[in-house]
Every structure is written in structure tokens, then in C-alpha cells.
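Written below as C-alpha cells is the structure these notes are about.
In this note's numbering, the protein residues as written are 136 to 361.
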């Protein structure tokens, strides 16, 4: 099965193609504005690189959060539209797990951190065992000061939360912290596609109509509405 993977949870958008579990092609682009104008052209590029068309795609895998509210809505909306138009299956992939996996095997703990604004982070932690990624701390919203309560061993921190909070992480973890910015360990649409294949193979099949982003906390509009 051909799979299209989409990740727009951060300012770096990545789309990829996999055939079953094998990554075939990927395109990644950073923007300082909305992904809306560039996502469809990026998908067209990666389909062309793989030598297929959207009608060949049997499933669309999408990075579903947590992350940028706007980015997640754009990515999921595009994924749902493409799946519907092409009668493809759709499957959600956890953003923080996809980010950790894209960074590749590491010793010790790997903590994906994304800037959640208001001095907070979206965070989840993992470790590698027998070639696979295992979650040890589920996705949650934390302040940097709360991280030592849930991360108690040497850790590689990855994601766009490294840039604004890097100095604070060094203060909190000292030599126990290895920092990798989003430029050093970017999202990988091909990894999202591969994880989508694994989830579909395990019997996870999301419903097109009801699939929603995982925001991890209410939006500003929802909080104001009470």
C-alpha cells in the first residue's frame, strides 16, 4: 500500500511517501507563516518524486498533535479532504512520538518538546528498546520547571521548545541534557507515513468524519467561552 504522511504541527512542514513500511520520498519546508499556501504544492512534489499520483495512495497518515493549533487544523483538514476525495483510509499519528522517532535511536531518554506558548511546553518522553520506540511519559502540558519531576535520567530534548527554553533546560538538567533544535531533528513526513502503516497493520483505523486534532489543552477561544 502507498501511504502519504503529513506533518504540519510546527513551523516546519514535512510530507512523505511510504510503500508499506518502506520510506520512498520526502519533502520538508520551513515557513514563518501559514502552511496553507504551500502544503498542496509540497504534496504534489513528493508524489512526483515517488512516481505516483494521489489516486495510487491507499491511506493518508497525519500528525495529529499536540502542536500548533493552526498547523494541526491545516494538516488534518488537508488529510481528510484528500482521503475523502480519493477514497483512501486515514490514520492519526501522535506528533511527539513521530518527532522522537524521526530523530533516530538514542541512548537514554528522548523527550520531544514543542513550544505551547504562555511559558509552557507540550512534552512526551520515550526510550529505544529492540529497535522500537517505547513511550514512558505520555503527552502533557508542562512548564520547564516541572520536567525534572517526570524526566529523571539523562535525556535528549528535541523539538522547537529547545530554542526558547534551552538555557533553562541546561540550568535544570546540567550535563544530563542534550539539546537538539528542530533544525537538527526536523519532523519527517515519511516517518509519519511509516507509523501510519504500522498503526493500520495493528488494526487502528480512524473514522474520517470524527477524527480531530489532539490539542492537549483547550484553545484560547474555548477557554474564553468557558
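Note that the Cβ used here is the ideal one computed from N, Cα and C, for glycine as well. Treat the numbers as computed from the prediction; the structure is a model and nothing was measured.
Contact under 8 Å by Cβ, residue i with residue j
i	j	result
residue 193	residue 282	no
residue 258	residue 142	no
residue 260	residue 202	no
residue 286	residue 244	yes
residue 327	residue 196	yes
residue 348	residue 217	no
residue 341	residue 317	no
residue 299	residue 263	no
Helix, strand or coil at residue i [DSSP, three-state]
i	result
residue 327	helix
residue 149	strand
residue 162	strand
residue 321	coil
residue 339	coil
residue 307	helix
residue 283	helix
residue 299	helix
For residue i, the nearest candidate out of the options (CA to CA)
i	options	result
residue 330	241, 275, 346, 198	198
residue 321	152, 162, 154	162
residue 274	247, 291, 313	247
residue 352	286, 276, 145	276
residue 151	324, 340, 218	324
residue 200	191, 231, 177, 209	231
residue 306	279, 157, 222, 270	279
residue 221	190, 179, 213	190
residue 303	153, 241, 255, 165	255
residue 346	187, 159, 225	225
residue 337	228, 319, 238	228
residue 148	166, 160, 179, 136	166
residue 188	160, 299, 156	160
residue 319	293, 174, 267, 251	293
residue 270	284, 235, 250	235
Residue(s) in a DSSP beta bridge with residue i
i	result
residue 312	290
residue 140	151, 196
residue 157	154
- Any chance you could list the beta strand (DSSP E) runs of at least 3 consecutive residues sitting entirely within the region 208-271, in chain order? Runs of the beta strand (DSSP E) lying entirely within the region 208-271 and spanning at least 3 residues, in chain order: 224-228, 244-252, 255-264.
- Query: What residue ranges within the region 167-215 form continuous alpha helix (DSSP H) runs of no fewer than 4 residues, ordered along the chain?
  - Reply: For secondary structure counted as the alpha helix (DSSP H) over 4 or more consecutive residues, the region 167-215 holds these complete runs in sequence order: 171-185.
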